[in-house]
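A short worksheet on the structure shown next.
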Amino acid sequence: MIQMFHVSKSYEGSAPALSDITLNVPKGEFLFITGPSGAGKSTLLKIMFGSEAPTDGQIIIDGRNYVKIPPADLPGLRRRIGFVFQDFKLLPGKSVFENVALALKVMGVGPGDIKARVNRMLSYVKLQHRANFKPLSLSGGEQQRVAIARALVKDPAIILADEPTGNLDPALSNEIMELFKEVNNRGTTVVVATHDRRLIDLFGRRTVMLEGGRIAGQ
Amino acid sequence: MIQMFHVSKSYEGSAPALSDITLNVPKGEFLFITGPSGAGKSTLLKIMFGSEAPTDGQIIIDGRNYVKIPPADLPGLRRRIGFVFQDFKLLPGKSVFENVALALKVMGVGPGDIKARVNRMLSYVKLQHRANFKPLSLSGGEQQRVAIARALVKDPAIILADEPTGNLDPALSNEIMELFKEVNNRGTTVVVATHDRRLIDLFGRRTVMLEGGRIAGQ
Amino acid sequence: MSGGANLLYMLSDSLRCARENVMTAVLTAFTIGFSLAIFAIFLFVSINLNGFISTWGDKTHVVVYVKDNVASDPEKFGESLKRVPGVNSFTYISREAALKELRDELKGHESILEGVDTNLLPASFEIKLGSAYRDSDRVRGVADNLKRLPWVDEVQYSREWVEKFASLIRFMELAALVIGVFLAAATVFIVSNTVRLAVYARREEIEIMRLIGASDTYVKVPFFMEGVMQGVVGGLISFAVLAVGRYLMLDNVPQYFRFALDVPFPAPAVFSVLVLSGVLMGVAGSLVTVGRFLKT
Amino acid sequence: MSGGANLLYMLSDSLRCARENVMTAVLTAFTIGFSLAIFAIFLFVSINLNGFISTWGDKTHVVVYVKDNVASDPEKFGESLKRVPGVNSFTYISREAALKELRDELKGHESILEGVDTNLLPASFEIKLGSAYRDSDRVRGVADNLKRLPWVDEVQYSREWVEKFASLIRFMELAALVIGVFLAAATVFIVSNTVRLAVYARREEIEIMRLIGASDTYVKVPFFMEGVMQGVVGGLISFAVLAVGRYLMLDNVPQYFRFALDVPFPAPAVFSVLVLSGVLMGVAGSLVTVGRFLKT
Ligand SMILES: Nc1ncnc2c1ncn2[C@@H]1O[C@H](COP(=O)(O)OP(=O)(O)OP(=O)(O)O)[C@@H](O)[C@H]1O
Ligand SMILES: Nc1ncnc2c1ncn2[C@@H]1O[C@H](COP(=O)(O)OP(=O)(O)OP(=O)(O)O)[C@@H](O)[C@H]1O
Ligand SMILES: [Mg+2]
Ligand SMILES: [Mg+2]
Chain C
0 MIQMFHVSKS YEGSAPALSD ITLNVPKGEF LFITGPSGAG KSTLLKIMFG
50 SEAPTDGQII IDGRNYVKIP PADLPGLRRR IGFVFQDFKL LPGKSVFENV
100 ALALKVMGVG PGDIKARVNR MLSYVKLQHR ANFKPLSLSG GEQQRVAIAR
150 ALVKDPAIIL ADEPTGNLDP ALSNEIMELF KEVNNRGTTV VVATHDRRLI
200 DLFGRRTVML EGGRIAGQ
Chain W
0 MIQMFHVSKS YEGSAPALSD ITLNVPKGEF LFITGPSGAG KSTLLKIMFG
50 SEAPTDGQII IDGRNYVKIP PADLPGLRRR IGFVFQDFKL LPGKSVFENV
100 ALALKVMGVG PGDIKARVNR MLSYVKLQHR ANFKPLSLSG GEQQRVAIAR
150 ALVKDPAIIL ADEPTGNLDP ALSNEIMELF KEVNNRGTTV VVATHDRRLI
200 DLFGRRTVML EGGRIAGQ
Chain Z
0 MSGGANLLYM LSDSLRCARE NVMTAVLTAF TIGFSLAIFA IFLFVSINLN
50 GFISTWGDKT HVVVYVKDNV ASDPEKFGES LKRVPGVNSF TYISREAALK
100 ELRDELKGHE SILEGVDTNL LPASFEIKLG SAYRDSDRVR GVADNLKRLP
150 WVDEVQYSRE WVEKFASLIR FMELAALVIG VFLAAATVFI VSNTVRLAVY
200 ARREEIEIMR LIGASDTYVK VPFFMEGVMQ GVVGGLISFA VLAVGRYLML
250 DNVPQYFRFA LDVPFPAPAV FSVLVLSGVL MGVAGSLVTV GRFLKT
Chain D
0 MSGGANLLYM LSDSLRCARE NVMTAVLTAF TIGFSLAIFA IFLFVSINLN
50 GFISTWGDKT HVVVYVKDNV ASDPEKFGES LKRVPGVNSF TYISREAALK
100 ELRDELKGHE SILEGVDTNL LPASFEIKLG SAYRDSDRVR GVADNLKRLP
150 WVDEVQYSRE WVEKFASLIR FMELAALVIG VFLAAATVFI VSNTVRLAVY
200 ARREEIEIMR LIGASDTYVK VPFFMEGVMQ GVVGGLISFA VLAVGRYLML
250 DNVPQYFRFA LDVPFPAPAV FSVLVLSGVL MGVAGSLVTV GRFLKT
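Protein chains in written order, with numbering that gives the first Met the number 0: chain C, 0 to 217; chain W, 0 to 217; chain Z, 0 to 295; chain D, 0 to 295.
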């Protein structure tokens with residue numbers, strides 16, 4: 000599903016965020032990416048998502064080479080990928096329901112369908128009672144769950160989750176991971192960046208360890 | 000140092016975020032606050048910080064009753080408290096150095112002093128090499144460490160840290176907690192809200208457990 | 000993925016958006032409205048002034064005196080005048096009429112003219128020139144042609160007046176151009192800057208929309224709709240400002256000065272042009288700004 | 000906590016801030032500049048027009064004819080005229096002068112007056128009224144007073160002219176007021192809205208500053224400084240616009256129409272008032288908006 004060959008990414012003014020990453024994520028795999036702060040986990044996910052372009056190397060998603068994604072193809076690619084952003088990226092002016100619904104709206108799903116799917120998703124992440132709240136009046140963990148709901152609601156082919164449990168208590172973290180596992184069981188490719196060893200140990204999936212932008216262990 | 004009597008906080012349109020909290024944090028104590036997502040941890044810290052007013056009850060900080068803090072007293076109160084925000088609240092237009100320095104500038108510290116203290120603080124949180132970066136070009140964990148540095152740099156009488164290790168790997172979390180412990184040893188009152196049981200178990204300090212806005216265990 | 004439903008969404012979405020940013024949108028609409036009104040006031044006043052001055056320019060008349068020793072035949076003379084290029088219209092002033100004019104000027108002291116021979120004053124034609132013949136060179140040309148007519152004794156015109164008038168027209172046109180270009184530029188600048196700032200405050204929103212897979216069109220539609228609405232409201236405001244301002248002044252205008260308040264175009268045309276300019280500025284301003292954010 | 004060092008920080012900080020938001024600040028300065036220029040152009044033109052019309056109003060003259068049967072003593076007559084309230088200045092026109100005027104009017108046909116007794120035309124005084132005496136009621140009062148003088152035969156003035164003129168003045172004043180109030184309101188509105196939008200884009204920054212313990216003053220200083228700088232630059236821009244516009248037109252103005260380009264105040268005064276208004280608008284606009292954010 001996702002193949003990266005010798006991918007590197009350098010930002011101006013600092014050491015490369017990623018160096019020579021070669022990685023294959025087959026369809027239906029559940030992959031953990033871990034590593035210390037600043038190791039390049041988020042950068043790796045962003046490159047898979049097409050929101051950062053690699054400075055070097057090749058990346059093939061779903062059979063298409065996306066080294067330099069034509070701008071017109073970006074929306075289509077992003078609709079097929081659910082991304083949980085480390086900093087949530089919720090629209091502050093829209094309610095929780097609307098934030099989640101937007102992921103479906105941009106795909107052209109009908110309103111009745113949207114309502115049912117969004118409400119189901121909100122109940123999965125235990126936020127039905129917050130549906131009409133604005134993100135800024137939610138707790139950190141609640142915001143994170145909205146971000147997760149928005150990524151999952153569209154039944155994407157790929158889920159990229161960046162530190163999706165950083166603001167959640169252990170019990171809730173487990174439930175969210177179960178949700179990812181469930182989605183994964185239905186064939187979705189899932190990549191989760193996390194520094195929570197407990198979760199990695201608990202779920203025992205393939206884990207890529209990054210350090211200083213290099214793969215330090217699988 | 001911080002005394003709360005029957006403090007409640009309700010936001011419009013939802014169940015009370017805090018109900019009847021009575022809590023005493025003596026000077027020099029190190030207190031953990033834990034509880035599931037949405038339990039009211041952040042709300043409790045914000046009330047201690049004076050950025051949210053309780054709907055009910057009394058709160059005494061450093062011998063002064065702050066139920067209704069006169070706006071003119073807020074800056075003074077906040078300069079004596081270091082707050083690590085769950086969502087960091089860094090100024091996107093200023094560099095890491097300037098963000099940390101600002102906490103000292105608003106107190107009127109001289110420029111030479113600022114330079115020394117900020118650089119020392121940045122080395123504590125391992126961010127010397129990022130001093131001139133803007134927050135948005137940092138990784139999540141790096142941003143969190145800037146927020147921690149900004150709270151600690153002014154040697155405050157009280158430190159309130161809201162989920163300060165949510166984006167940090169275990170090793171770095173331990174180091175940051177050691178930093179808090181060190182500061183605490185020098186007499187600073189520290190309150191840390193976290194859902195990381197590992198840290199609580201590791202450091203074994205007094206822990207207040209919140210659930211649904213009530214104290215569910217100490 | 001039904002296109003119709005999708006469009007409906009976008010529309011309802013953009014309406015909701017506008018409601019959220021309603022304060023900003025309203026203030027932007029007012030900025031558009033005021034700017035348009037300022038430009039329209041200037042345009043109307045300068046058109047009216049130019050029209051007024053052009054009429055006033057009719058005073059550029061040439062007087063042709065008829066020779067004493069020819070038989071007075073106004074009809075025949077008139078026929079020959081009509082053939083001179085530049086002559087627009089003329090009035091015949093007979094010897095008697097000339098004398099009467101002089102009498103009127105002397106008010107209560109007409110006795111001065113008692114017994115005066117009416118033949119002492121010549122008959123004359125007062126000629127109005129076509130508007131294209133009002134600068135000093137052309138007036139001289141016309142006068143030369145007139146002098147060649149066999150029955151013409153003398154041709155008189157105020158060279159000074161003609162020159163003054165021509166330079167006045169030139170100046171008015173230049174002033175209108177300089178001020179008009181500046182005002183138009185300032186209006187477009189102010190409106191686009193206001194829209195830019197309003198969109199700038201929502202750049203995060205645009206960024207997030209794109210990250211969750213919204214097409215550029217989807218991102219633009221709300222801003223387009225907002226631009227249209229702000230433009231329409233702005234156009235209405237400018238029309239209202241003009242109408243109210245005119246109404247406030249109308250009762251106090253001396254009749255002969257009412258031309259200054261004329262609306263040089265039919266009200267529906269003014270209305271549509273104002274609303275259209277508003278929409279154009281609102282839409283162009285927001286789409287250009289959004290486009291800039293979309294490019295990166 | 001040394002106040003001096005602290006202030007220095009704030010200043011250097013605000014300069015740095017301005018550099019970051021330099022695009023927005025520059026555009027805001029231009030908005031201030033253009034708005035001020037629009038208002039100043041209107042103000043100057045309307046002051047000049049009013050001045051021109053007032054001078055023109057000197058034509059509201061009253062003619063007093065001297066009785067035929069009294070000994071002509073211009074000096075004595077003048078003395079008594081000076082005592083009539085409302086009389087501003089006067090010119091004596093002797094019988095001879097009157098006759099000469101008539102001759103000039105008759106152009107090449109002076110023979111008509113050959114042998115005419117110079118005594119047929121009366122001597123007269125052309126009187127200019129003080130500006131406060133120019134409406135029709137007051138003119139009539141002055142005329143009545145003049146008529147009571149023993150040596151006065153007849154008093155003539157154009158009632159129609161006086162009325163037209165009074166209503167013209169009234170209309171010009173009203174028009175200037177209506178348009179001026181609108182322009183001033185629009186200027187203040189546009190500038191404050193622009194500043195509001197610029198500050199609005201930085202509300203998060205303000206919020207964070209307060210959370211880390213910045214006093215309201217500390218938060219305001221950068222905005223104050225930015226307001227001052229934008230105001231100064233805006234004032235300079237408006238002055239430049241006025242100067243360049245004037246220069247562009249100056250060569251093309253007919254001499255007798257140059258009054259329209261007069262600057263009714265000394266250039267340094269205009270300059271300071273423009274810059275001061277710019278600063279006032281910039282500072283007031285940003286402080287009010289920041290204040291609104293600080294209140295909550
Ligand atoms: N401004 C607000 N308006 C309405 N409700 C609010 C507001 N702020 C917080 N709440 C609600 O109050 C409850 C407690 O929020 P708080 O942020 O204190 O939770 P928390 O314990 O910090 O959770 P987390 O671990 O997820 O950060 C939540 O259910 C939240 O939705
Ligand atoms: N826009 C940018 N400009 C410059 N450097 C950047 C930028 N984005 C990321 N970096 C740097 O690249 C490195 C990797 O960042 P990345 O966000 O991938 O780390 P991470 O593994 O996600 O860390 P964390 O666990 O703290 O989120 C970091 O050192 C960061 O400072
Ligand atoms: Mg990261
Ligand atoms: Mg919280």
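Backbone N, C-alpha and C fix where the C-beta goes; we use that ideal spot for every residue, glycine too. As the structure is a computational prediction, the values presented were derived from the model and not from experiment.
Check whether Z/G284 and Z/G226 have beta carbons under 8 Å apart: yes
Candidates Z/V187, Z/A97 and Z/V240: closest to D/L182 by CA position: Z/V240
Spatial neighbours of W/L90 in its chain, beta-carbon cut-off 6 Å, leaving aside the 5 residues before and after: N98
Cβ contact (3+ pairs, closer than 8 Å) linking the region 268-287 of chain Z and the region 236-253 of chain Z: yes
Coil, strand or helix - C/Y222 by DSSP: There is simply no residue 222 of chain C to check, as chain C begins at 0 and stops at 217 in what is shown.
Neighbour-count burial assignment, D/V220, 16 or more Cβ in a 10 Å radius: buried
Of the listed residues C/P134, C/K88 and C/G75, nearest to C/G107 (C-alpha basis): C/G75
Chain-ordered chain C contacts of W/A170 [CB-CB under 8 Å]: P35
Residues that DSSP places opposite D/T90 in a beta bridge: D/E125
Environment of D/L80 [buried if 16+ CB atoms lie within 10 Å]: buried
Segment contact flag, the region 65-80 of chain D with the region 134-150 of chain D, C-beta cutoff 8 Å, min 3 pairs: yes
Beta carbon proximity, Z/P84 to chain D, threshold 8 Å: no
Beta-carbon contacts of W/I59 that lie in its chain and below 6 Å, excluding the five residues immediately before and after: Q2
Residue range of the unbroken alpha helix (DSSP H) whose run includes Z/G233: D215 to L249
The region 170-178 of chain D touching the region 239-259 of chain Z, judged by at least three CB pairs closer than 8 Å: yes
Nearest to W/D86 (by Cα), restricted to the options C/F48, C/N166 and C/E177: C/N166
Length of the line joining the Cα atoms of W/G92 and Z/F258: 56 Å
Heavy atom of ligand 2 within 7 Å of W/G165 beta-carbon: no
is_contact[W/N173, chain C] using C-beta, thresh 8 Å: no
C-alpha gap between W/A71 and D/V194, whole angstroms: 26 Å
Coarse secondary structure for Z/A17, derived from DSSP in three states: Low confidence applies to Z/A17: its pLDDT is 46, below 50, so where it sits in the model is not reliable, and the reading given next is rough at best. If DSSP states are grouped into helix, strand and coil, Z/A17 belongs with the helices.
Interfacial residues, the region 137-151 of chain W to chain D, with Cβ spacing under 8 Å: R149
Residues near C/A156 in its chain [Cβ-Cβ closer than 6 Å; skip 5 each side]: R79
Interface flag, Z/Y199 vs chain C, CB-CB below 8 Å: no
As assigned by DSSP and simplified to three states, the class of Z/S285: helix
CA-to-CA distance, D/A24 to D/A17, given in whole angstroms: Its pLDDT being 46, under 50, D/A17 is placed unreliably in this model, and the value from its coordinates should be taken loosely. Each residue's Cα considered, the two are about 7 Å apart.
Of the residues D/V187, D/P263 and D/K294, the one placed nearest D/I205, counting alpha carbons only: D/K294
Closest residue to D/L128 among D/G179, D/W150 and D/Y156 (Cα-Cα distance): D/Y156
Listed by chain order, chain W residues near D/I296 by CB distance under 8 Å: Limits of chain D in this structure are 0 at one end and 295 at the other, which puts residue 296 of chain D out of reach.
Residue range of the unbroken beta strand (DSSP E) whose run includes C/I158: I157 to D161
Cutoff 8 Å: Z/L241 Cβ touching any chain C Cβ: no
C-alpha distance - D/L247 paired with D/I178, whole-angstrom precision: 25 Å
Buried versus exposed call for D/L26 [16 or more other C-beta atoms within 10 Å across all chains shown]: buried
Residue-level contact to chain Z via CB, D/L286, 8 Å cutoff: no
Straight-line Cα distance separating Z/E95 from Z/V63: 16 Å
Three-state secondary structure (DSSP) of W/L76: helix
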